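Chains as they are written, first to last, in the working numbering: chain A, 1 to 115; chain B, 116 to 228. Structure first, commentary second.
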Amino acid sequence: NAGVTQTPKFRVLKTGQSMTLLCAQDMNHEYMYWYRQDPGMGLRLIHYSVGEGTTAKGEVPDGYNVSRLKKQNFLLGLESAAPSQTSVYFCASTARTATSSYEQYFGPGTRLTVT
Amino acid sequence: GENVEQHPSTLSVQEGDSAVIKCTYSDSASNYFPWYKQELGKRPQLIIDIRSNVGEKKDQRIAVTLNKTAKHFSLHITETQPEDSAVYFCAAGPNTGGFKTIFGAGTRLFVKA
Chain A
1 NAGVTQTPKF
11 RVLKTGQSMT
21 LLCAQDMNHE
31 YMYWYRQDPG
41 MGLRLIHYSV
51 GEGTTAKGEV
61 PDGYNVSRLK
71 KQNFLLGLES
81 AAPSQTSVYF
91 CASTARTATS
101 SYEQYFGPGT
111 RLTVT
Chain B
116 GENVEQHPST
126 LSVQEGDSAV
136 IKCTYSDSAS
146 NYFPWYKQEL
156 GKRPQLIIDI
166 RSNVGEKKDQ
176 RIAVTLNKTA
186 KHFSLHITET
196 QPEDSAVYFC
206 AAGPNTGGFK
216 TIFGAGTRLF
226 VKA
């Protein structure tokens, strides 16, 4: 199993450009999340999904959109990138089971720089 | 909503000593408390978690304690080793799929050989 993978690993954008980050998981997990990680601020939830075709806002959703057309994929879009969106982006997934740990499995991260 | 505060932000210990990281949370409905370790340039990985019906949980050199009345929980690492050097994140949330889990800001632990 590859676990959780993210594409791309690095990206540099100019202000105003758009891009899509792709997250894929092969563990048949129902829940998927997008976080951003900034120095001294931990992991902040951008958007999440509890199943195929559903998405919801997290703590810091402004400037981002998401889609979950297939259970295994969760896409994060930036329509008009801003320097404040320079960050490391992590995708994660969790199984929806009542008895096991709700461990979040993280992808390797995407380092995005907006100039 | 939930707010999680984590202290200290940086911790430096001598190899073999113990390290303690403390977190407080605000939402009394939270009942799931995981801890993640993130090595430099790597992804966060779960090292231990505890649910609110348990006061303490241990796994080899790491242990977590929970005080629901005071709304705080702590990570204890004994006999620290250089490979324990990393950033540690606490988190709190309801006992569901994790989508309302809120993370602390992280503690950077340095273990000096």
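Just so it is clear, CB atoms sit at the ideal spot from N, CA and C, and this is done for glycine as well. Keep in mind it's a predicted model, so treat the numbers as computed, not measured.
- Between glutamine 6 of chain A and glycine 109 of chain A, the C-beta gap is smaller than 9 angstroms, which places the two residues in contact.
- Sequence-distant partners of arginine 176 of chain B (beyond 5 residues in either direction) whose C-beta falls short of 7 angstroms from its own C-beta, in its chain, are Ile192, Thr193 and Glu194.
- The beta carbons of glutamine 153 of chain B and alanine 220 of chain B sit no closer together than 9 angstroms.
- Bridge pairing for glutamate 171 of chain B: B/Thr180 [DSSP].
- Cβ-Cβ separation between arginine 68 of chain A and glycine 53 of chain A: approximately 6 angstroms, consistent with a contact (criterion under 8 angstroms).
- Of B/Phe204, B/Pro159 and B/Thr125, the smallest CA-CA separation from glycine 107 of chain A is found for B/Pro159.
- The straight-line gap separating the alpha-carbon atoms of glycine 116 of chain B and lysine 14 of chain A is approximately 34 angstroms.
- Glutamate 120 of chain B sits in a strand when the DSSP states are folded into three classes.
- Chain B has a Cβ within less than 9 angstroms of the Cβ of glycine 107 of chain A.
- The DSSP-derived three-state label of glutamine 85 of chain A is helix.
- Between tyrosine 35 of chain A and leucine 22 of chain A the beta-carbon gap is near 15 angstroms, outside 8 angstroms, which marks them as no contact.
- For aspartate 164 of chain B, the secondary structure class from DSSP, reduced to helix, strand or coil, is strand.
- Per DSSP, reduced to three states, the secondary structure at proline 197 of chain B is helical.
- As the crow flies, the alpha-carbon of serine 124 of chain B is around 26 angstroms from that of proline 61 of chain A.
- CA-CA distance, leucine 112 of chain A to glutamine 85 of chain A, rounds to 8 angstroms.
- The beta-carbon distance between threonine 222 of chain B and isoleucine 136 of chain B, rounded to whole angstroms, is 5 angstroms. This is short enough to meet the 8 angstroms contact definition.
- Along the segment 142-163 of chain B, going in chain order, the ones with a CB nearer than 9 angstroms to a CB of chain A are Tyr147, Pro149, Tyr151, Gln153, Gly156, Lys157, Arg158, Pro159, Gln160 and Leu161.
- Tyrosine 89 of chain A is positioned such that its CB atom lies no closer than 9 angstroms to that of glutamine 17 of chain A.
- In the same chain as alanine 144 of chain B, and ignoring 5 residues on each side of it, the C-beta atoms closer than 7 angstroms to its own belong to Pro209, in chain order.
- If you draw a straight line from the Cα of alanine 228 of chain B to the Cα of serine 133 of chain B, it is about 13 angstroms long.
- Cβ-Cβ distances below 6 angstroms link phenylalanine 10 of chain A to Arg111 in the same chain, with the five nearest sequence neighbours on each side left out; the list follows chain order.
- Here alanine 206 of chain B is buried, its C-beta having at least 16 other C-beta atoms within 10 Å.
- Residue pairing by DSSP places lysine 57 of chain A opposite A/His47 in a beta bridge.
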